[in-house]
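One gets my numbering by counting positions in the first sequence from 1 and adding 186 to each. Just so you know, even glycine gets a beta-carbon here, dropped at the ideal spot from N, CA and C. Please read all numbers here as calculations on a predicted model, not as lab measurements.
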Amino acid sequence: MLLVNQIRDNYAGVLAGLQKRNFQNAEAILAEVLSLDDLRKSSQTQRDQMQAESNAISKQIGMLMREGKTAEANEIKERTAQIKIQIKELEDQNSTAEESLKALLYTIPNVPHSSVPAGKSAEDNEVVLENGEIPVLYEGNQPHWELIKKYDIIDFDLGVKITGAGFPVYKGKGARLQRALVNFFLDEAMAQGYMEIQPPILVNEDSGYGTGQLPDKEGQMYFASADNLYLIPTAEVPLTNLYRDVILSEEDLPVKNVGFTPCFRREAGSWGAHVRGLNRLHQFDKVEIVQITHPDKSYETLESMSSYVQGLLQKLELPYRVLRLCGGDMGFTSALTYDMEVYSAAQERWLEVSSVSNFETYQSNRLKLRFKGEDKKTQLAHSLNGSALALPRIVASILENNQTPDGITMPKVLQPYLGFDKI
RNA sequence: AGAGGAGUGGCAGAGUGGUCGAAUGCGGCGGUCUUGAAAACCGUUGUACCGCAAGGUACCGGGGGUUCGAAUCCCUCCUCCUCUGCCA
């Protein structure tokens, strides 16, 4: 969430940024934030003063008691009763203001970076670059949901039988392809200095709040009610919450972590004709990279993460483009997001396979993720993450773009991991 | 899952109603001494909020309560350890 001081010190900038996102009623909401914060401060100042007086009296009572002056002690005691009532009132006022302030801040998205284009929807995203050749497929090519049946490598019907829609079963070479991709992605990340982390895939409520899935996206997560745990929608949640309530020292920066996990998304109400096959699932595998950096370095880091993801796509020989998301299409918590899309020749459309974002202090403010520098001052770190990569659409595009009348050719980099070159 | 024990500063560990944000030791940082280092000695060493500042307030696993006053008493939740049970 945004910092109140960020709003106070740069009111015009924050307002303009929120408007670029088409955030409704920005002006009224920001004014409300400032007035709630004023109320919070003034009630605390008063409360602290009353409390100081009360503490002084209590100390005095202690002294009188020790000297055996019980009557005098009892006399002063009566004064504290009155103070207590006032303290209670001020405390209520203070905590109400604080809670309202927090609830309001939760509803305000991050301020976009200056390079973010204005716009309302995906159509206004800016194409930064395109790379790779779009393959020309043979007559009679098929989309992946046909190919997986033809070669019997991914089975949706079996998934329906044992779980439900959106939970595919990977078989034989299909399963092997999944494992090869995961290993390839992890090995590549480690070669770039990321440390591999295997986190739990169920997380508690605090973690949900830490990265922003709660309170508003509650319906998107599967919930294990007997134990109050959420199935993670992305490894971002455990990987970033590792650093909740942590003060790093400056020399620990940048933190570079990578993790492979299954991801679970309820995707309530988002089913339709264009989300067939592997395009949208309830359970899928993803390798996620997370970095925690010094505020001065985060944009440099964002570029390097973007190039890293592009490198993966190049090695997989997939044609892709990079988009800079416009204000209206960005995620709630992001300040700048690049989406990587791979062209699927059989579906004749671009598929989003990665999203790389800089959250600046938006997440770290919620997480209380800070670092202490040479000057011994603690300040909020910047957090970034990106998919590197999510498997299903990568699998879909590999299958579709590499299909030939007599089989599907596997990218060269994967062959050592696969043990075969063709499906 | 059942029975018992325990959670205090970076770590170890005292403190069982007031002068306790908290002894002491270790570690860290600064200094004296030294050619340098070690040792010794001296000083310093948590986080957050309010305040222009001086300063104030809160925090002893989390939350709630009793009391003029809580690290200390009560309730509740969480976590860890030991034993029993179950188990990849």
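DSSP lists K608 as the bridge partner or partners of T595.
For G559, the number of other beta carbons within 10 angstroms of its own is below 16, and it is reported as exposed. Here E436 is exposed. Its C-beta has fewer than 16 other C-beta atoms within 10 Å. For I273, the enclosing alpha helix (DSSP H) covers residues T256 to Y292. Residue environment analysis places Y416 among the buried positions, since at least 16 neighbouring C-beta atoms fall within 10 angstroms of its C-beta. Under the DSSP assignment, R556 falls in the beta strand (DSSP E) whose first and last residues are L555 to K558.
Note that the C-beta distance between I609 and I339 is below 8 Å.
The criterion of a C-beta distance shorter than 8 Å is not satisfied by V542 and Y529. Distance from the CA atom of R510 to the CA atom of P386, rounded to whole angstroms, is 32 Å.
For D471 against Q601, the beta-carbon gap comes to about 20 Å, at or over 8 Å, which does not count as contact. Bounds of the beta strand (DSSP E) holding L575 are H568 to A576. Apart from the 5 residues on each side of it in sequence, N587 sits with its Cβ closer than 6 Å to the Cβ of P321 and A531 in its chain, given in chain order.
For N317, the uninterrupted beta strand (DSSP E) segment begins and ends at E312 to N317. Excluding sequence positions up to five before and after M516, its CB lies within less than 6 Å of the CB of T523, all in the same chain and listed in chain order. Assignment of beta-bridge partners to T519 by DSSP yields no partner. For the options N390, N296, R556 and E538, the alpha carbon positioned closest to that of L577 is the one of E538. K359 has its alpha-carbon roughly 36 Å from the corresponding atom of K403.
With fewer than three CB-CB distances shorter than 8 Å, the region 325 to 342 does not count as touching the region 247 to 257.
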